[in-house]
Structure formats: C-alpha cells, structure tokens
Amino acid sequence: MGLDSTAQGRHRCIMPHDHSTPGHALLPPEPELRVKALETLLVGKGLVDPAALDAIVDQMQNHVGPRAGARVIARAWTDDAFRARILADAMPDLIDMGLTGAQGEHVVVVENTPEVHNVVVCTLCSCYPWPLLGVPPAWYKSDAYRARVVREPRGVLAEFGLNLPSEQAVRVWDSTAEIRYLVLPMRPDGTEGLDTDALEAWVTRNAMIGTGLPQAPA
Amino acid sequence: MTPAFERPWHAQVYALKEACLEQSLFTPGDWSAALGAALDRARAQGPVDGGEPFWLAWQDALETLVAGAGAADRSAVDQTAEAWRAAYLSTPHGAPVRLSGDG
C-alpha cells in the first residue's frame with residue numbers, strides 16, 4: 000500500500016516554494032526524508048501506528064506547553080495539602096491530572112526557599128519534563144548551558160537576568176532518563192488575593208526550570 | 000503558547016521516538032545513552048546550539064536504536080529515503096506524494 004504524504008495532515012512539505020526545478024513537489028531536506036523513511040519502515044512492520052504518531056504530535060504541538068506545569072505550580076501555591084503531596088511524591092497527582100508522558104519518567108518537584116534556589120539541567124542529553132513544560136527551549140539543549148550551569152550556576156543565572164542574593168544557595172539538579180525535575184518557585188509578593196487561574200499567568204517556563212522567577216503577566 | 004517544534008520533521012522524529020518507547024523497542028535509559036553518544040558525535044563536528052544539530056542528533060540516535068532493535072537497519076533507511084526522494088521528484092507540484100511498492 001502506498002503512503003500518502005498529505006493524508007495524515009502532519010507532513011507539511013507541499014507548499015509554495017522557490018526551488019529551481021519547477022514542476023515537482025518541494026523536496027524536503029535530507030533529515031526529513033530519513034525520518035519519513037524510518038516512519039515508513041516502522042509503520043510497514045506494524046511497529047508504529049500512524050494515527051498514534053499524529054496524536055503524539057498534536058498533543059505536544061497543541062495541548063502541552065509550559066501552561067501544564069504552571070497549573071501544577073499555581074495549585075501548589077494555593078493548596079497546602081497538594082503542595083505537601085507533590086513535594087513528597089508528585090507522581091500520583093500528576094497521573095491524576097493527566098500530566099505524565101509515554102516514558103513514564105518520574106518527576107520530582109524541588110521547592111525554592113529563601114535559603115535554596117533550584118535549577119535543572121541534563122548534562123548527558125536533554126532529559127526534560129516534556130508533559131509538563133512542552134518542547135525544551137533551544138538554550139536548554141545547548142552545550143553551553145549544559146556544561147556551564149553545573150560549573151558556574153550563578154554566572155549562568157546572571158546571564159538570564161537572575162541575580163540571586165549571596166545568602167541563597169544554588170542547587171543544580173541533573174536530570175536522567177528516569178528522573179525529571181520541576182522547580183516550585185516561591186510565590187511572589189503581591190499575589191495574595193489571586194486565584195489559581197490568575198496565578199498561572201505568573202508562572203514562566205524558566206521559573207519552572209530555575210533560570211527565572213515568576214513574573215507579573217504583561 | 001510558545002511555538003513547539005521549529006520544523007515539522009522535529010515533531011516527526013519526536014513522535015517516532017515516543018512511539019518506539021511505547022512499543023518498548025528500546026528503554027528510556029537506552030534512549031538517553033544513545034542521544035548522549037549522538038550528541039558527542041555531533042559535538043566533534045562543531046558546537047551543538049540546541050537547534051538543527053540537536054535534532055540531527057535525535058535522528059542519529061533513533062536510527063541507531065531502531066537498527067539495534069532489529070526493526071530497520073541503516074541501509075534500509077538509506078534505500079527508503081532514496082525512494083521518498085524519487086517520489087518527490089517525480090510527483091507534480093500540488094499532488095500528494097506517494098511512496099509506492101514495498102519501499
């Protein structure tokens with residue numbers, strides 16, 4: 000059976016273009032051809048379901064993002080019992096909230112305090128709590144961040160505009176294939192009267208990685 | 000919402016990796032180790048800034064693990080990629096691109 004590159008709606012290669020050989024469909028770049036080839040082979044062997052691939056992309060593209068993590072943080076700021084539970088073991092609540100990934104990785108929530116600021120990295124590859132934060136930002140995946148944040152965390156945080164008081168220690172958490180970390184930032188002053196929906200808007204992606212702090216929505 | 004994937008193929012390689020994990024073609028630990036090794040190989044060619052070179056390392060790691068699982072070796076991927084290339088080059092602009100035969 001032939002495969003249709005447009006049928007599933009996930010291939011977006013056919014579009015207006017300016018290639019020099021008019022008349023044929025726009026040739027995708029080499030890596031895209033190889034990924035399509037992998038997909039063809041895995042689907043052909045019945046190892047992968049094309050509909051499942053579409054669902055995974057749709058979920059990550061349209062339904063996940065830093066807002067999922069922000070929902071967890073805002074709830075933790077307003078619900079002491081929830082906060083205590085997720086600091087002890089986040090998984091039951093994350094499962095309950097539908098915020099776990101295909102990999103079943105364990106998420107550990109680390110809490111910022113006046114004494115300790117937490118920051119997350121993956122020095123080996125790019126382990127990241129995708130179901131909570133969506134696609135990792137480019138800088139998280141960069142060699143520079145991965146190497147430097149362990150050696151000189153304060154310097155790296157300063158480059159993000161985050162200058163921590165000297166009395167606040169910095170703790171760097173190195174993610175693994177099995178354990179991902181989510182930073183629970185301190186609730187900002189001036190947010191006392193806000194409900195969880197309003198608080199969510201304060202929680203930035205970087206605040207949940209530790210390279211930023213919650214910010215008043217623009 | 001922040002844009003998720005910069006290129007469609009980044010999304011595709013991500014989805015394939017997740018689907019392979021779901022099918023237990025390899026484990027999360029295998030993936031982490033393979034991606035770490037692929038990033039090391041990429042770094043030998045130049046800095047990996049988190050953009051295209053990062054996703055090329057994903058593709059490299061996925062091909063390595065899929066081959067290791069006996070699901071598709073690199074030569075099969077080479078041949079199928081060439082078949083897709085030929086299909087694109089022989090399909091009129093605007094028509095759906097199909098890969099005929101057994102790929």
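As they're listed, the protein sequences go chains A and B.
Position 203, counted from 1, in the first sequence is what numbering that gives the first Met the number 0 calls 202; the numbers after and before it change by one each time, with no gaps.
Position 79, counted from 1, in the second sequence is what numbering that gives the first Met the number 0 calls 78; the numbers after and before it change by one each time, with no gaps.
Heads up, the beta-carbon is just placed ideally off N, CA and C, and yes, glycines get one too.
is_contact[residue i, chain B] using C-beta, thresh 8 Å
i         : result
A:Thr-175 : yes
A:Met-185 : no
A:Asp-178 : According to the sequence as given, residue 178 of chain A is Ile; it is not Asp. No, its Cβ sits nowhere closer than 8 Å to a Cβ of chain B.
A:Leu-93  : no
A:Ile-55  : yes
A:Pro-128 : no
A:Gln-60  : yes
A:Asp-194 : no
A:Gly-133 : yes
Nonlocal neighbours in the same chain, by C-beta distance under 8 Å from residue i, ignoring five residues either side
i        : result
B:Leu-64 : Cys-19, Leu-24, Phe-25, Asp-29, Trp-30, Ala-33
B:Arg-73 : Glu-62, Ala-66
Where residue i falls, given that 16 or more other Cβ within 10 Å makes a residue buried
i         : result
A:Lys-35  : buried
A:His-62  : exposed
A:Pro-27  : buried
B:His-92  : exposed
B:Arg-40  : exposed
B:Asp-77  : exposed
A:Ala-80  : exposed
A:Asp-194 : exposed
B:Ser-89  : exposed
CB contact check: residue i to chain A, cutoff 8 Å
i        : result
B:Gly-49 : yes
B:Leu-64 : no
B:Ala-43 : no
B:Ala-70 : yes
B:Ala-85 : no
The ligand SAH heavy atom lying under 7 Å from the CB of residue i
i         : result
A:Val-115 : In the structure on display, the ligand SAH does not appear, and there are no ligands present to speak of.
Expected contact under 8 Å - CB spacing of residue i and residue j to nearest Å
i         : j         : result
A:Val-118 : A:Pro-152 : 6 Å
A:Leu-86  : A:Glu-110 : 6 Å
A:Ala-137 : B:Gly-49  : 4 Å
Residues near residue i by beta carbon distance below 7 Å, same chain, minus five either side
i         : result
B:Gly-102 : Confidence at B:Gly-102 is low in this model, with a pLDDT of 38, below 50, so its placement is unreliable and the value that follows should be read with caution. Excluding sequence neighbours, B:Gly-102 sits near Thr-79, Ala-82.
B:Leu-98  : Ala-82, Trp-83, Ala-86
A:Gly-209 : His-116, Asn-117, Val-118, Val-119, Val-182
A:Asn-205 : Phe-159, Gly-211
Residue-level contact to chain E via CB, residue i, 8 Å cutoff
i         : result
A:Tyr-139 : The displayed structure is made up of protein chains A and B, and chain E is not among them.
Neighbourhood of residue i by C-beta, 6 Å cutoff - its chain only, sequence neighbours within 5 removed
i        : result
B:Phe-53 : Val-47
B:Ala-37 : Ala-56, Asp-59, Ala-60
The region 164-174 of chain A in contact with the region 143-152 of chain A per 3-pair CB rule at 8 Å: yes
Given 8 Å, three or more beta-carbon pairs between the region 195-205 of chain A and the region 37-44 of chain A: no
Cβ contact check for the region 123-138 of chain A and the region 60-77 of chain A: 3 or more pairs under 8 Å: yes
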